[in-house]
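Input: a single structure, listed below in structure tokens.
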Amino acid sequence: DGHYAWHDYPGEFPMTETVINTLRAMADVPEKTSWNPVEPPEPEVSIDPYGFVGTCKRQISLVGLALREFEDYYADDEKFPPLSTESGRLMFDETIFTSNRLDPRHLFCPGATTDQSPPFLEDRYYLYPGYALLEDGDVTAFATAYAAELAASGDFSGDLVAPTSYGDRFLRLQSGVANEFIVAEGTPLHVIPTAHDIPVLIEWPGNHEGRTGGHVYFLDGHVEWMAYPGEFPMTEATIGALGTLAGWSPPTSWPKLNISLQENGFEQLTCYNNLSTVLLALRFYTNLDGDWNYPPLSLAANNLMFDDPDFLEFHLHDIRRMNCPGSAAVYHEAAATDHSYVYLGYTVFDQELLESFARAYNATIAGSPDFSGDLQDGETPIYRLNGSVYWSHYQQSGIDPLPRIFGESDIPLVIEWPDNHGDIRGGFVLYMDGSRKWLDYPSTFPMTEEAMDILTALAGREPIRPAAPPRESTRLEALSGG
Numbered sequence: 001d002g003h004y005a006w007h008d009y010p011g012e013f014p015m016t017e018t019v020i021n022t023l024r025a026m027a028d029v030p031e032k033t034s035w036n037p038v039e040p041p042e043p044e045v046s047i048d049p050y051g052f053v054g055t056c057k058r059q060i061s062l063v064g065l066a067l068r069e070f071e072d073y074y075a076d077d078e079k080f081p082p083l084s085t086e087s088g089r090l091m092f093d094e095t096i097f098t099s100n101r102l103d104p105r106h107l108f109c110p111g112a113t114t115d116q117s118p119p120f121l122e123d124r125y126y127l128y129p130g131y132a133l134l135e136d137g138d139v140t141a142f143a144t145a146y147a148a149e150l151a152a153s154g155d156f157s158g159d160l161v162a163p164t165s166y167g168d169r170f171l172r173l174q175s176g177v178a179n180e181f182i183v184a185e186g187t188p189l190h191v192i193p194t195a196h197d198i199p200v201l202i203e204w205p206g207n208h209e210g211r212t213g214g215h216v217y218f219l220d221g222h223v224e225w226m227a228y229p230g231e232f233p234m235t236e237a238t239i240g241a242l243g244t245l246a247g248w249s250p251p252t253s254w255p256k257l258n259i260s261l262q263e264n265g266f267e268q269l270t271c272y273n274n275l276s277t278v279l280l281a282l283r284f285y286t287n288l289d290g291d292w293n294y295p296p297l298s299l300a301a302n303n304l305m306f307d308d309p310d311f312l313e314f315h316l317h318d319i320r321r322m323n324c325p326g327s328a329a330v331y332h333e334a335a336a337t338d339h340s341y342v343y344l345g346y347t348v349f350d351q352e353l354l355e356s357f358a359r360a361y362n363a364t365i366a367g368s369p370d371f372s373g374d375l376q377d378g379e380t381p382i383y384r385l386n387g388s389v390y391w392s393h394y395q396q397s398g399i400d401p402l403p404r405i406f407g408e409s410d411i412p413l414v415i416e417w418p419d420n421h422g423d424i425r426g427g428f429v430l431y432m433d434g435s436r437k438w439l440d441y442p443s444t445f446p447m448t449e450e451a452m453d454i455l456t457a458l459a460g461r462e463p464i465r466p467a468a469p470p471r472e473s474t475r476l477e478a479l480s481g482g
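Listed below in structure tokens is the structure:
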């Protein structure tokens with residue numbers, strides 16, 4: 001199903017002694033009897049409880065793969081996409097590197113802090129310099145050459161003439177660019193720069209609360225987390241120069257972490273990880289659907305979930321992922337119901353749209369149920385979730401059918417019921433851009449009391465149960481001073 005887990009050895013299948021010894025004999029691999037000492041790994045959950053760091057690492061890897069695909073199959077000059085000709089935009093030129101070669105959602109880093117959701121093809125998450133840079137001096141010279149080229153023809157299709165650490169010009173990125181470096185005679189082999197040293201994508205070092213650093217995708221394909229300030233390209237000089245070019249001052253430190261797993265972190269994280277599997281299934285469905293639509297809403301009344309035959313059987317293979325183990329009804333009902341999570345199937349991102357959706361939903365259920373297209377509530381359209389909804393409904397020239405500026409980071413795909421976790425009030429929300437956020441209840445939409453009143457009524461379930469009052473001390477505890 002795409003998840004991976006660490007298993008102790010010897011332990012449970014497949015890490016049993018019988019299995020491993022059998023496979024070792026088949027592969028003719030000798031048994032290891034000693035290991036180099038290692039430092040204990042950093043406890044990931046305490047630093048990144050909701051997987052934002054890991055998600056950004058996967059995203060930057062996927063963008064890197066798209067860059068290589070562009071070079072291999074689409075670029076006449078066998079180079080990576082040119083830098084954008086828009087001033088102060090350290091990202092690909094999207095007129096050349098178009099979305100049919102890259103899912104723009106992969107450019108989103110859910111840990112990034114921005115005042116509002118920018119278009120995906122911007123440099124608010126990752127930087128793309130487009131040229132081979134090896135040290136701080138290269139970045140300083142690149143900034144000068146970049147400004148000069150913008151003031152002239154603004155053409156970044158070729159190399160940039162300027163003194164560099166490896167020659168007399170900045171070479172456009174391509175897989176074999178390291179073979180063109182000029183190095184002094186007698187340079188030790190281990191000092192000669194290779195593709196391992198050339199950054200292609202650099203994550204802003206302030207994307208992750210509680211951490212000062214970011215991922216870097218290098219030309220050889222490896223991704224490395226680098227602390228800030230640290231080694232190139234995560235030096236203050238380089239990040240400062242690139243930030244100046246981009247007109248962007250990312251945060252580089254945080255006062256403290258504000259995410260708590262509270263007392264049942266295992267169940268919370270299980271629900272969170274389940275949503276990542278659901279997200280993969282949803283995206284797989286949209287990629288195969290000719291209209292880029294997300295699965296239709298169930299035609300059954302009071303079931304805010306996917307239409308079963310069209311989605312679960314062929315796409316969400318492990319239906320257990322639709323269960324949150326904290327849910328009171330877990331495993332007591334069919335998986336394709338809304339007892340753990342809510343799926344609306346439509347572009348609903350605030351209370352006003354939710355009220356319109358509720359009226360349109362009830363009217364549709366009462367008539368001839370059909371959720372294959374958009375809904376209408378009076379003069380208000382409610383659009384079916386679509387992979388290109390951001391572009392098709394917001395960016396069409398002269399058309400503004402939605403009440404405010406929005407981005408895919410505002411549109412909920414799946415909402416967890418806020419009473420899934422006992423007395424912990426809140427739940428995870430999976431958004432259209434792939435981010436997953438924990439929201440306390442009551443707090444912001446969709447975890448408001450008003451929104452949950454509507455959703456529980458539509459789902460035909462009991463209202464959100466109140467938190468239990470604090471337990472009183474027993475007589476024995478009182479006598480013991482507890």
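FYI, the numbering used here numbers position 92 of the sequence shown as 92, with every residue one higher than the one before it.
Backbone N, C-alpha and C fix where the C-beta goes; we use that ideal spot for every residue, glycine too.
Go ahead and pull the three-state DSSP assignment for residue i.
{"i": "GLY167", "result": "strand"}
{"i": "MET226", "result": "strand"}
{"i": "TYR74", "result": "helix"}
{"i": "PHE218", "result": "strand"}
{"i": "GLN376", "result": "strand"}
{"i": "LEU160", "result": "strand"}
{"i": "PHE92", "result": "strand"}
{"i": "THR16", "result": "coil"}
{"i": "VAL29", "result": "coil"}
{"i": "ARG384", "result": "strand"}
{"i": "GLN395", "result": "Low per-residue confidence applies at GLN395: pLDDT is 44, beneath 50, and the placement is therefore not dependable, though the value from the model is reported in the following sentence. The answer is coil: DSSP assigns GLN395 none of H, G, I, E or B."}
{"i": "PHE284", "result": "helix"}
When DSSP builds the beta bridges, which residues end up paired with residue i?
{"i": "LYS437", "result": "VAL429"}
{"i": "GLU416", "result": "TYR341"}
{"i": "MET465", "result": "Checking the sequence shown, residue 465 turns out to be Arg, not Met. DSSP, once it has assigned bridges, lists no residue as partnering ARG465."}
{"i": "CYS293", "result": "Checking the sequence, you will find Asn at residue 293 rather than Cys. Paired residue(s): ASN386."}
{"i": "LEU83", "result": "PHE92"}
{"i": "LEU127", "result": "ILE202"}
{"i": "GLY213", "result": "ALA227"}
Starting from residue i, trace the alpha helix (DSSP H) both ways and give me its first and last residue.
{"i": "GLU149", "result": "136-151"}
{"i": "TYR361", "result": "351-366"}
{"i": "MET452", "result": "449-459"}
{"i": "SER61", "result": "52-69"}
{"i": "LEU297", "result": "Counting along the chain, LEU297 falls outside any alpha helix (DSSP H), and DSSP gives it neither H nor E."}
{"i": "GLU236", "result": "236-246"}
What do you reckon, are the CB atoms on residue i and residue j nearer than 8 Å?
{"i": "PRO233", "j": "LEU83", "result": "no"}
{"i": "ILE202", "j": "ALA178", "result": "no"}
{"i": "LEU150", "j": "LYS79", "result": "no"}
{"i": "LEU127", "j": "LEU242", "result": "yes"}
{"i": "PRO463", "j": "THR456", "result": "yes"}
{"i": "TRP204", "j": "PRO129", "result": "no"}
{"i": "GLN59", "j": "PHE97", "result": "no"}
{"i": "ASP220", "j": "HIS196", "result": "yes"}
{"i": "THR490", "j": "VAL139", "result": "No information on residue 490 is available, as it lies outside the stretch 1 to 482 that the chain covers here."}
{"i": "MET432", "j": "ILE454", "result": "no"}
{"i": "TYR343", "j": "PHE306", "result": "yes"}
Looking at the unbroken beta strand (DSSP E) that takes in residue i, where does it start and where does it end?
{"i": "ILE202", "result": "199-203"}
Taking the alpha carbon of residue i as the reference point, which residue from the options has its own alpha carbon closest?
{"i": "TYR341", "options": "VAL429, LEU280, ASP350 and SER368", "result": "VAL429"}
{"i": "LEU62", "options": "PHE13, LEU171 and VAL223", "result": "VAL223"}
{"i": "MET447", "options": "SER368, SER153, PHE349 and ARG461", "result": "PHE349"}
{"i": "ARG436", "options": "PRO369, TYR272 and ALA457", "result": "TYR272"}
{"i": "ALA227", "options": "TYR217, GLY213, ASP307 and ASP220", "result": "GLY213"}
{"i": "LEU385", "options": "GLN376, ILE424 and LEU297", "result": "LEU297"}
{"i": "TRP292", "options": "TYR441, ASN323, GLY345 and ASP338", "result": "GLY345"}
{"i": "GLU267", "options": "THR95, ARG68, ILE20 and GLY422", "result": "GLY422"}
{"i": "ALA143", "options": "LEU375, SER157, THR164 and ALA301", "result": "THR164"}
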